Amino acid sequence: MNEKNLARFIHESLGLDMELIQEALESHRRTSQPFIDLLLKTGAVSEEELLEVLAQRFNLPLFKNLKPRLSVELAGRVPINYFKKYTIAPLNLEDGVLTVAVNDPYMINPVDEMRLFFNCLKVNRVLATRREILACIHRFYDQAGDTSEEVIQDLDAGDETAGGGDAFGETEDLLDATSEAPVIRLVNHVLTQAAKRQASDIHIEPYQKDLKVRYRIDGILYEILSPPKRFQSAITSRIKIMANLNIAEKRLPQDGRIQIRVANKDIDIRVSIIPTAFGERIVLRLLDKTAALLGLEELGFGPKKLTVFRSLISRVNGIILVTGPTGSGKSTTLYAALNELNSVERNIITVEDPIEYQLYGVGQIQVNPKINLTFAKGLRAILRHDPDVIMVGEIRDLETVEIAIQASLTGHLVFSTLHTNDSAGAVTRLVDMGVEPFLISSAVVGVVAQRLVRVVCPKCREPYNPSAEELAEMNLSPRLLGNRQLYRGRGCGDCFDTGYRGRTSIYEIMVMTDSIRNLVLKGADANQIRQAAIAEGMATLKQDGTEKLLAGATTVAEVLRVTQD
18 MNEKNLARFI HESLGLDMEL IQEALESHRR TSQPFIDLLL KTGAVSEEEL
68 LEVLAQRFNL PLFKNLKPRL SVELAGRVPI NYFKKYTIAP LNLEDGVLTV
118 AVNDPYMINP VDEMRLFFNC LKVNRVLATR REILACIHRF YDQAGDTSEE
168 VIQDLDAGDE TAGGGDAFGE TEDLLDATSE APVIRLVNHV LTQAAKRQAS
218 DIHIEPYQKD LKVRYRIDGI LYEILSPPKR FQSAITSRIK IMANLNIAEK
268 RLPQDGRIQI RVANKDIDIR VSIIPTAFGE RIVLRLLDKT AALLGLEELG
318 FGPKKLTVFR SLISRVNGII LVTGPTGSGK STTLYAALNE LNSVERNIIT
368 VEDPIEYQLY GVGQIQVNPK INLTFAKGLR AILRHDPDVI MVGEIRDLET
418 VEIAIQASLT GHLVFSTLHT NDSAGAVTRL VDMGVEPFLI SSAVVGVVAQ
468 RLVRVVCPKC REPYNPSAEE LAEMNLSPRL LGNRQLYRGR GCGDCFDTGY
518 RGRTSIYEIM VMTDSIRNLV LKGADANQIR QAAIAEGMAT LKQDGTEKLL
568 AGATTVAEVL RVTQD
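In structure tokens:
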């Protein structure tokens, strides 16, 4: 079928404007871009709708979910770039017949070439979305990747050069990397494996006689591999090249940034390098920019706490503080709150370091100390932009908190974070910073303390009977436990033998009631404020953790790990 007949068929089947279709055809003749791609770019039809019509016209099956059964070894015969260029994924080879998924039924030549690549008699086609095909391709090549041991063996067989000749000006998908330089392959392997395991940080640590690479996964550090010590300098140089840092400077700390793509995921990496006695130590903080933003219901709030939190963020003015140590999920909670408030009726502006998620419709300012753009300066500028809601990434000094308080007292809702152990401690921390108690009692409307606990792996979880000591640690008795069952993970391939997969939050929400405000004005300490909040119904972090424990989500050890000071 030629393009004109296809255009007529699409017009009749979907009711698309013929003029729009003719423009896509004309552009196809002029640029040689696929007609189907050009039609999708107009936004007049979705890919799923178009594929259903094409499947009907070409008499091809349409697959919503691809389930490849081709061996990794067979798929690895063809470079990943070839499959991605033509958006083709081989699915199955049986009795000399190869089944491939295509996105464009007009893609004939690459399909014919599959017969030669796989030495088969016939090729059958099925239709699938571009996204599903690319996900299938990446699954193949992720599984076909070298193991850590193989990469280190290649290091020993190769040389010690940094291999920094290739430019990282463009964001390259590391699964596409074809460089044979051993150090480049090792660094790419470390980054891709970290992304695959959803690690938040990579630590490259030099010691007197060896070099360690550790990943932080779900808040816990795991040693992953130990490259030969003699490659330390080359690995460091490679990372510096990727981050555009000075490879000759080895005496001073350096900070940089790398942008990579792994399996179509855009990942932003913050690089921190410090000199130590045995060489430069590197920490890479990974941020998946394509990760979905969580809603408030997905964070771990119980029904009552969710109602309380929603009532806080629905206020017109005041300061809401989220507290906890580094890596406790404070930013995720704030982003979820902003996302819920985000609407055309509100002007929301943030000042952050760094900007972790891009929020459509929200003005986001990146702190830049090099040009003296601090939280305080950014906050002063925001106040001149008629905001309704303001988010300050972190309160670090008296100037920032004073501006935030003034903003809240003049009709703005302000969100920010503090590093304190619990919600009551946030009040005394502000006093320690030099804020007058009457300003705190007037401006702060609520404080949320939070921690992240690891979730028991759903694939290998098993029931168990807790010991008397465990129950005592959680202030539980067999009577309170009743018939409810506790669970723990046995360890499997899905959770890398840890027994845990993913994390959830536990919360403590202190609402500033009149009695708590009176205590703040009188200069009460954190313990007195805490006891007053508990008397008024505040559930502590440990109590919230106990609820998650009884629901089978986590373990006693996890709750105690994050709640014991």
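All letters in the sequence shown, in the order written, are residues 18 to 582 by the working numbering. All residues carry an ideal CB built from backbone N, CA and C; glycine is no exception. A quick note: this is a predicted structure, and the numbers were derived from the prediction, not measured.
Beyond the five residues adjoining it in sequence on each side, T59 comes within less than 7 Å, by CB distance, of L37 and A41 in the same chain, given in chain order. In the structure shown, Y352 falls within a helical segment according to DSSP collapsed to helix, strand and coil. Contact annotation, A441 with V431: C-beta distance approximately 20 Å; criterion of less than 8 Å not satisfied. Cβ contact annotation for A61 (same chain, cutoff 6 Å, sequence separation greater than five): L33 and L37, in chain order. Each residue's CA atom was taken as its position, placing L329 and Y481 some 39 Å apart.
Under the DSSP assignment, V200 falls in the alpha helix (DSSP H) whose first and last residues are P199 to K213. Residue V464 holds the alpha-carbon nearest to the alpha-carbon of I336 among N109, V464 and L110. Taken in chain order, the complete alpha helix (DSSP H) segments of 4 or more residues contained in the region 382-421 are 392-399.
As DSSP reads the structure, A466 sits in a beta bridge with T340 and E525. A straight line joining the alpha-carbon of P495 with that of L503 spans about 12 Å. Around P270, the same chain offers I291 as residues with beta carbons nearer than 6 Å, after the five sequence neighbours per side are excluded. Segment contact: the region 485-493 against the region 457-471, fewer than three CB-CB distances shorter than 8 Å; contact not assigned.
Every unbroken stretch of the alpha helix (DSSP H) spanning 4 or more residues and falling wholly within the region 256-343 is given here in chain order: 320-330. Ranking N364, L358 and T571 by CA distance to the CA of T515 puts T571 first. DSSP places Y224 in the coil class of the three-state scheme, outside both helix and strand. According to the DSSP secondary-structure assignment, P107 is paired through a beta bridge with V117. Note that the region 359-368 does not touch the region 549-564; fewer than 3 beta-carbon pairs, one per stretch, sit closer than 8 Å. Each of R47, E64 and R520 was checked against the Cα of L31, and the nearest Cα belongs to E64. From the listed residues V95, G113, N82 and Y99, the smallest Cα separation to L144 is found for N82. T434 is positioned such that its CB atom lies closer than 8 Å to that of L351.
Excluding sequence positions up to five before and after T417, its CB lies within less than 6 Å of the CB of F392 and A393, all in the same chain and listed in chain order. Taking C-beta separations shorter than 6 Å and ignoring five residues to either side along the sequence, the partners of T146 in its chain run E64, following chain order. By the 16-neighbour rule on beta-carbons within 10 angstroms, V333 is exposed. DSSP places S433 in no alpha helix (DSSP H) but in the uninterrupted beta strand (DSSP E) bounded by L430 to L435. Assigned with DSSP and collapsed to three states, V230 falls in strand. Between E373 and S345 the beta-carbon gap is near 14 Å, outside 8 Å, which marks them as no contact. For I237, the enclosing beta strand (DSSP E) starts and ends at I237 to L242.
Taking 8 Å as the cut-off, the Cβ atoms of M131 and P96 do not count as close. Counting only the Cα atoms, G296 lies some 13 Å from A265.
For N136, the three-state secondary structure derived from DSSP is coil.
Excluding the 5 residues flanking it on each side, Q225 has same chain C-beta neighbours closer than 7 Å at F295, in chain order. According to DSSP, residue pairing for P480 in a beta bridge involves Y504. Excluding residues up to 5 positions away in sequence, N334 lie with their Cβ nearer than 6 Å to the Cβ of G428 in the same chain. For A260, the closest of F248, K267, R274 and L68 by C-alpha to C-alpha distance is R274. Under a 10 Å Cβ-count criterion, H402 is classified as exposed, with fewer than 16 other Cβ atoms of the shown protein chains found around its own Cβ.
In this structure, the straight-line span from the alpha carbon of L498 to that of L567 is close to 8 Å.
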